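**Q** Protein chains in written order, with the numbering used here: chain A, 56 to 132; chain B, 56 to 669.
I'd like to ask you about the structure that follows.
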């Protein structure tokens, strides 16, 4: 399956050079955790993963065509 | 004195007289400085029932003991007065270079009383103060007035001034310093305008002495070294995208207020996000004095309609003028921000008041012929034009200049104003961040995130993540964060550095790093408990002013929209804000009565029992 991935802020550096919006090919039964591992993204309490706009954990199954957004929560105001 | 300069300048504008007053050492230690000194003077000298725009209101500008010392982000000052927007106090805070210059000129703070007969400005040249005629500056923009003042005083002078909005008593007029830094909230600029005080220009060549320079330097190197090492690994979001980078966080947590707080997510968020700002419009970062973060944005827009160059926008401006008005046109938001800077307007209240007007029009409570133009969601041209009109009180801008509460009330629907104590909220939806609702309702200045910002733990995960949808147990950590904010504000530091780098990593956020800086700078030998108690003293002293002005629990409110209408979208869908339950717990934590009045026991504990009653 192929998912669309968008990386923001500090997680941009795990994207292919110069691109924040790209496609990743995964095994048919892949979950969020496999995508993160394949990309080499380290995760902690402040890493945010959204699948089709909804927050997702590592165990969330992915489907062909899903949009995965990755970023680190940041402060400000 | 060390850290503190030991002097306050009191300016009687009615008589045109000035007097230097020594800063009492015990008062300085008990109230720290900045926001603390401000409330100390207001409680002693100001009638809580005074009319905010009458001559008997006082306006205090106060720095902190770390302002200008070289402590990271020690650049800030506070403006405190009685607000024409809320009738409560203001504590409007800004950084830049002006506050440091004021200290180098020899003063911890300035107190303005009375009203000048004609426009004046205060010129302080290294300790020598003089009131000068400002007729030629009246009507000028903040940028133009600043340039003229530097030309006629000293090219290196630093200036805090009002623009046309403050002169016209717009209820949310800002005081701008260094052209684009804003003490934005609650109408401090209108109070300056009511006093016929156009500006304060300062040149200082003095030193700020430190009690223990070696200890200060060693600690400073350690803190800055740690900060730089951490950010070498991962650049700080605030440095890369400014506060505008928060859009992605609030959007994905469903707390980005949209359509005058009818939704928690905005479809056009990517167009107004900080990364778009950085990619398309950022010229360079701008840092306040001694700041290693540099969250300020110098921007340029090349556009036939909305083109220009200036500073901003911040996240709050983007929420208020963007998502809240359903405007995804970033150049228009930037243009409206520039206008606010030049005319001296608060961008949050400006955007939120226009959003409120859009809803009033949509629901048929306000006619477009009264507005003088079509006004619907997403109208970028209306945002820019109405902002300009407001700064000059032209046309419908005269109504907008009263803020959203008075506008909505005059249309018969005050419930559509998204305010606490008549002040508009910053951009975090309490239905999806429960403690934010408690912080808004109990903030002494009304809707604000800067007098205690639980978004840190609910949304940003600092110092640790707490479920934003839970309301049980939020009172204690909100109070602790409010106390920390009071200490940061009073010391002259910026929350963006201090919370992460100068407080403990527990939810009660002990101010351990601030303690070390304060002791090295002032020699006041604070114990940690004393410093925490100073924060509590400031919060309760502010509450005391409010209760004497007639405020109580019935004013610690949120609009019904937030407490009774379930949020229709996003991760917090179906939620309301459980304010009343959190309030009961909060007053107990404060040792205030169930009606929100500080108890005699609490006042005695904090050394406030002897303060005079009006």
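For every residue, glycine included, the Cβ atom is placed at its ideal position computed from N, Cα and C.
Fair warning: this is a prediction, and the values are worked out from it, not measured in the lab.
Find the residues of chain B that neighbour residue 133 (chain A), judging by a C-beta separation of less than 9 angstroms, and give them in chain order.
**A** This structure cannot speak to residue 133 (chain A), because chain A is shown only from 56 to 132.
**Q** Would a C-beta distance cut-off of 8 angstroms place residue 229 (chain B) and residue 400 (chain B) closer than the cut-off?
**A** Taking the first residue of the second chain as 1, we reach residue 229 (chain B) at position 174. Taking the first residue of the second chain as 1, we reach residue 400 (chain B) at position 345. Yes; because the gap between Cβ atoms is below 8 angstroms, this pair is in contact.
**Q** Over the uninterrupted beta strand (DSSP E) stretch that includes residue 147 (chain B), give me the two end residues.
**A** Taking the first residue of the second chain as position 1, residue 147 (chain B) is located at position 92. Residue 147 (chain B) -> beta strand (DSSP E) spans 147 to 149.
**Q** For residue 124 (chain A), collect the residues of the same chain with a Cβ closer than 6 angstroms to its Cβ; drop the 5 residues on either side in sequence, then sort them by chain order.
**A** For the purposes of this step, residue 124 (chain A) is taken as the residue at position 69 of the first chain. Excluding sequence neighbours, residue 124 (chain A) sits near 61, 105.
**Q** Only counting runs of 3 or more residues, tell me where the beta strand (DSSP E) segments fall wholly within the segment 106 to 149 of chain B, in order along the chain.
**A** Correct list: 114 to 118, 132 to 136, 147 to 149.
**Q** Within 10 angstroms of its Cβ, does residue 131 (chain B) collect 16 or more other Cβ (buried), or is it exposed?
**A** By one-based count along the second chain, residue 131 (chain B) stands at place 76. Residue 131 (chain B) is buried by the Cβ-count criterion.
**Q** One question on the structure: do residue 577 (chain B) and residue 120 (chain B) come within less than 8 angstroms of each other, judged by their Cβ atoms?
**A** Taking the first residue of the second chain as 1, we reach residue 577 (chain B) at position 522. Taking the first residue of the second chain as 1, we reach residue 120 (chain B) at position 65. The answer is yes: Cβ separation under 8 angstroms.
**Q** Closer than 7 angstroms, Cβ to Cβ, to anything on chain A: give me those residues from the segment 288 to 319 of chain B, in chain order.
**A** Listed by position along the chain: 289, 290, 292, 293, 295, 296, 298, 300, 301, 303, 304, 307.
**Q** Any Cβ of chain A within less than 8 angstroms of the Cβ of residue 63 (chain B)?
**A** Numbered from 1 along the second chain, position 8 holds the residue referred to as residue 63 (chain B). No, because no Cβ of chain A sits closer than 8 angstroms to the Cβ of residue 63 (chain B).
**Q** Output needed for residue 235 (chain B): all residues of its chain with C-beta closer than 6 angstroms, excluding positions within five of it in sequence on either side, in chain order.
**A** Within the second chain, the letter at position 180 stands for residue 235 (chain B). Answer for residue 235 (chain B): 366, 396, listed in chain order.
**Q** Classify residue 301 (chain B): buried if its beta carbon has 16 or more other beta carbons within 10 angstroms, exposed otherwise.
**A** As a working mapping, residue 301 (chain B) is identified with position 246 in the second chain. Buried.
**Q** Kindly indicate the opening and closing residues of the beta strand (DSSP E) around residue 254 (chain B).
**A** If you number the second chain from 1, residue 254 (chain B) lands on position 199. 252 to 258 is the span of the beta strand (DSSP E), which, as asked, contains residue 254 (chain B).
**Q** What separation, rounded to the nearest whole angstrom, lies between the Cα atoms of residue 297 (chain B) and residue 290 (chain B)?
**A** To locate residue 297 (chain B), count along the second chain from 1; it is residue 242. To locate residue 290 (chain B), count along the second chain from 1; it is residue 235. Cα to Cα, residue 297 (chain B) sits roughly 12 angstroms from residue 290 (chain B).
**Q** So that I know if they touch, is there some Cβ in chain B lying closer than 8 angstroms to that of residue 129 (chain A)?
**A** Position 74 of the first chain, counted from the start, is the residue given in the question as residue 129 (chain A). Taking Cβ atoms only, chain B reaches closer than 8 angstroms to residue 129 (chain A), which makes this a yes.
**Q** Specify whether the segment 406 to 423 of chain B and the segment 181 to 200 of chain B touch according to this definition: at least 3 beta carbon pairs, one from each stretch, less than 8 angstroms apart.
**A** Cβ pair count under 8 angstroms is below three, so no.
**Q** Using a Cβ-Cβ cut-off of 8 angstroms, state whether residue 285 (chain B) counts as contacting chain A.
**A** Indexing the second chain from 1 puts residue 285 (chain B) at position 230. No, residue 285 (chain B) lies away from the interface with chain A (no Cβ there is under 8 angstroms from its Cβ).
**Q** Count the other C-beta atoms from every protein chain shown that fall within 10 angstroms of the C-beta of residue 359 (chain B), then say buried if there are 16 or more, exposed otherwise.
**A** Along the second chain, read from residue 1 onward, the residue named residue 359 (chain B) stands at position 304. Exposed, by the Cβ-count rule.
**Q** Is the Cβ of residue 611 (chain B) closer than 8 angstroms to any Cβ of chain A?
**A** The sequence position of residue 611 (chain B) within the second chain is 556, counting from 1. It does not: the Cβ of residue 611 (chain B) has no partner Cβ on chain A nearer than 8 angstroms.
**Q** Relative to the C-alpha of residue 237 (chain B), which residue among B:328, B:326, B:311, B:372 is closest?
**A** Here the question's residue 237 (chain B) lines up with position 182 in the second chain. When only C-alpha atoms are compared, the closest one is B:372.
**Q** Along the segment 70 to 88 of chain A, what residues have a CB closer than 7 angstroms to any CB found in chain B?
**A** Here the close residues number zero.
**Q** Note down the Cα distance separating residue 314 (chain B) from residue 380 (chain B), rounded to an integer number of angstroms.
**A** Locating residue 314 (chain B) in the second chain gives position 259, counting from the first residue. Locating residue 380 (chain B) in the second chain gives position 325, counting from the first residue. The alpha-carbon atoms of residue 314 (chain B) and residue 380 (chain B) are separated by roughly 6 angstroms.
**Q** Is the segment 240 to 248 of chain B in contact with the segment 135 to 151 of chain B, if contact means three or more CB pairs nearer than 8 angstroms?
**A** The answer is yes - the segment 135 to 151 of chain B touches the segment 240 to 248 of chain B, with three or more Cβ pairs under 8 angstroms.
**Q** Using the beta-carbon count (16 or more within 10 Å), is residue 522 (chain B) buried or exposed?
**A** Here residue 522 (chain B) refers to the residue found at position 467 when the second chain is read from its first residue. With fewer than 16 other Cβ atoms within 10 Å, it is exposed.
**Q** In terms of alpha-carbon separation, which member of B:218, B:345, B:256 lies closest to residue 211 (chain B)?
**A** For the purposes of this step, residue 211 (chain B) is taken as the residue at position 156 of the second chain. For the residues B:218, B:345, B:256, the minimum Cα distance to residue 211 (chain B) belongs to B:256.
**Q** Which residues of the segment 361 to 378 of chain B have a Cβ closer than 8 angstroms to any Cβ of chain A? Give them in chain order.
**A** Going along the segment 361 to 378 of chain B in chain order, one finds 369, 370, 371 with a Cβ nearer than 8 angstroms to chain A.
**Q** Measuring only from the beta carbon, is residue 294 (chain B) closer than 7 angstroms to any heavy atom that is part of the ligand HEM?
**A** Because no ligand of any kind appears in the structure shown, any question about the ligand HEM cannot be addressed here.
**Q** Would you list, in chain order, the members of the segment 626 to 652 of chain B that have their beta-carbon closer than 8 angstroms to a beta-carbon of chain A?
**A** Listed by position, the residues of the segment 626 to 652 of chain B near chain A (Cβ gap below 8 angstroms) are 626.
**Q** For the alpha helix (DSSP H) containing residue 438 (chain B), list its first residue and its last residue.
**A** Here the question's residue 438 (chain B) lines up with position 383 in the second chain. 435 to 447 is the extent of the alpha helix (DSSP H) around residue 438 (chain B).
**Q** How many angstroms separate the CA atom of residue 213 (chain B) from the CA atom of residue 638 (chain B)?
**A** Translated into positions along the second chain, residue 213 (chain B) becomes position 158. Translated into positions along the second chain, residue 638 (chain B) becomes position 583. In a straight line, the C-alpha of residue 213 (chain B) is about 43 angstroms away from that of residue 638 (chain B).
**Q** Measure the alpha-carbon distance for residue 668 (chain B) versus residue 176 (chain B) and round it to whole angstroms.
**A** The residue labelled residue 668 (chain B) in the question sits at position 613 within the second chain. The residue labelled residue 176 (chain B) in the question sits at position 121 within the second chain. Any answer about residue 668 (chain B) is weak, because its pLDDT of 45 lies below 50 and its placement is not dependable; what the coordinates show is given next. Near 33 angstroms, if we compare the C-alpha coordinates of residue 176 (chain B) and residue 668 (chain B).
**Q** Just the C-alpha distance for residue 200 (chain B) and residue 222 (chain B), rounded to the nearest angstrom, thanks.
**A** One-based indexing of the second chain puts residue 200 (chain B) at position 145. One-based indexing of the second chain puts residue 222 (chain B) at position 167. In a straight line, the C-alpha of residue 200 (chain B) is about 13 angstroms away from that of residue 222 (chain B).
**Q** Under 8 angstroms by Cβ, that's how I've got residue 14 (chain B) and residue 224 (chain B) pegged, so tell me the actual separation to the nearest angstrom.
**A** Lying outside 56 to 669, the shown extent of chain B, residue 14 (chain B) is not represented and no answer is given.
**Q** If you run the structure through DSSP and keep just helix, strand and coil, what is residue 162 (chain B)?
**A** Stepping through the second chain from its first residue, residue 162 (chain B) is reached at position 107. Of the three classes helix, strand and coil, the one that applies to residue 162 (chain B) here is coil, per DSSP.
**Q** Note down, in chain order, each residue of its chain lying with its Cβ closer than 6 angstroms to the Cβ of residue 498 (chain B), except the 5 sequence neighbours on either side.
**A** Indexing the second chain from 1 puts residue 498 (chain B) at position 443. Result list for residue 498 (chain B): 506, in chain order.
**Q** Determine, for residue 345 (chain B), whether the minimum Cβ-Cβ distance to residues of chain A falls below 8 angstroms.
**A** On the second chain, position 290 is the one that residue 345 (chain B) refers to. It does not: the Cβ of residue 345 (chain B) has no partner Cβ on chain A nearer than 8 angstroms.
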